[in-house]
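Residue numbers (the UniProt record's numbering): 1 to 281.
As structure tokens, then:
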């Protein structure tokens with residue numbers, strides 16, 4: 001995929017603002033940066049979000065894994081990636097020790113708009129809304145002077161906004177759980193992508209749970225038998241299995257790699273879904 005030129009000036013800044021980048025909420029939010037803008041340090045990802053119903057632009061594996069954890073968290077209402085820190089110098093009250101010139105284009109002198117990896121909207125237990133900002137960084141980046149300068153600007157920016165901010169490195173991310181969520185993630189995309197109507201997929205989900213009660217075989221054998229019983233395409237039973245996990249109508253150990261060779265006895269049927277805290281905020 002061709003990447004856009006990274007030349008930066010007032011015209012490009014104004015163009016991006018006019019495009020609505022860094023503005024909006026939920027499905028209407030447009031990230032400040034997209035996967036087409038700059039070379040990535042890892043595998044870039046475009047993911048359709050459960051919560052936002054829009055495409056998210058993810059630059060690194062760590063960002064992707066953290067994103068999946070946020071998708072799983074019931075208290076998370078909105079996820080805004082690459083959220084811009086507009087008017088940094090005006091917003092930050094304490095400029096002591098900060099070198100904003102490091103983050104200006106050398107040719108044009110135009111300030112770069114720094115961004116935070118994720119601005120997250122949370123629903124608190126008292127029903128109120130709260131915001132937290134998280135910067136995803138590789139642990140080695142925390143030893144780089146420019147990266148530390150940037151992080152300090154981020155910290156003071158969010159402090160001035162009275163918003164909780166923190167750094168997350170790959171060491172704080174439970175990789176197995178994140179990969180499990182990634183594995184089931186597409187199961188909540190519109191059912192017609194799998195050739196089902198909403199009514200059909202709801203019916204098969206209910207039938208799956210009914211047949212699961214009292215079953216004692218491998219998950220692989222169970223889903224294969226399910227396909228045969230309902231004359232479904234191969235793999236449909238696995239899709240329904242994933243969807244039921246994603247809907248939290250059945251529970252498996254998400255901290256252990258999901259294995260289709262495990263027994264159906266390892267699956268817990270949930271009568272009423274309860275919020276699960278991921279503990280990464």
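Every residue, glycine too, gets a C-beta built ideally from N, C-alpha and C.
Other residues of its chain near residue i: CB distance less than 6 Å, five sequence neighbours each side excluded
i, result
"residue 224", "none"
"residue 180", "254 and 258"
"residue 23", "none"
"residue 31", "57, 81 and 82"
"residue 276", "Unreliable positioning characterises residue 276 in this predicted model, as indicated by a pLDDT of 48, which lies under 50. A coordinate reading is not provided."
"residue 29", "80"
"residue 273", "Interpretation of residue 273 is limited by its pLDDT of 46, a score under 50 that renders its predicted location unreliable; the figure taken from the coordinates is listed afterwards. Contacts found: 248."
Nearest residue (CA-CA) to residue i, options the options
i, options, result
"residue 292", "90, 106 and 63", "No answer is possible for residue 292: the residues shown for the chain start at 1 and end at 281."
"residue 63", "46, 78 and 77", "46"
"residue 148", "81, 214, 102 and 271", "102"
"residue 114", "192, 57 and 33", "33"
"residue 81", "250, 13, 124 and 117", "117"
"residue 169", "192, 143 and 74", "143"
"residue 269", "240, 212 and 29", "212"
"residue 53", "185, 164 and 97", "185"
"residue 207", "216, 240, 193 and 182", "240"
"residue 123", "87, 75 and 203", "75"
"residue 161", "12, 19 and 85", "85"
"residue 140", "110, 171 and 111", "171"
"residue 138", "17, 59 and 271", "59"
"residue 96", "214, 29 and 156", "156"
"residue 130", "165, 146 and 145", "165"
"residue 94", "21, 158 and 250", "158"
"residue 250", "271, 238 and 21", "271"
Sheet register partners of residue i (DSSP bridge)
i, result
"residue 269", "250"
"residue 165", "133"
"residue 121", "78 and 131"
"residue 47", "56"
"residue 115", "84"
"residue 218", "263"
"residue 104", "111"
Spatial neighbours of residue i in its chain, beta-carbon cut-off 8 Å, leaving aside the 5 residues before and after
i, result
"residue 261", "218, 219 and 220"
"residue 233", "195 and 227"
"residue 112", "8, 103, 104 and 105"
"residue 35", "1, 44, 45, 46, 57, 58 and 59"
"residue 209", "244, 249, 250 and 269"
"residue 205", "240, 243, 244, 247 and 249"
CB contact below 8 Å: residue i versus chain B
i, result
"residue 243", "The structure shown contains no chain B; it is built from a single protein chain."
7 Å Cβ shell around residue i - same chain, five flanking residues per side excluded
i, result
"residue 252", "245, 258, 266 and 267"
"residue 48", "55 and 189"
"residue 236", "227"
"residue 2", "Only weak support exists for where residue 2 lies, its pLDDT of 41 falling under 50; the coordinates are left without a value."
"residue 89", "100"
"residue 108", "8 and 9"
"residue 215", "222 and 264"
"residue 278", "Only weak support exists for where residue 278 lies, its pLDDT of 45 falling under 50; the value from the coordinates is given anyway. Only 69, 72 and 73 meet the Cβ criterion."
Whether residue i touches residue j by CB criterion (8 Å)
i, j, result
"residue 119", "residue 135", "no"
"residue 83", "residue 173", "no"
"residue 264", "residue 222", "yes"
"residue 121", "residue 78", "yes"
"residue 178", "residue 242", "no"
"residue 201", "residue 191", "yes"
"residue 92", "residue 133", "no"
"residue 98", "residue 153", "yes"
"residue 110", "residue 25", "no"
"residue 73", "residue 50", "no"
"residue 68", "residue 182", "yes"
Limits of the alpha helix (DSSP H) - the one that residue i falls within
i, result
"residue 263", "Element bounds for residue 263: n/a, residue is neither H nor E."
"residue 307", "It is not possible to answer for residue 307, since the shown part of the chain is limited to 1 through 281."
"residue 147", "145-160"
"residue 72", "61-72"
"residue 14", "10-18"
"residue 212", "198-212"
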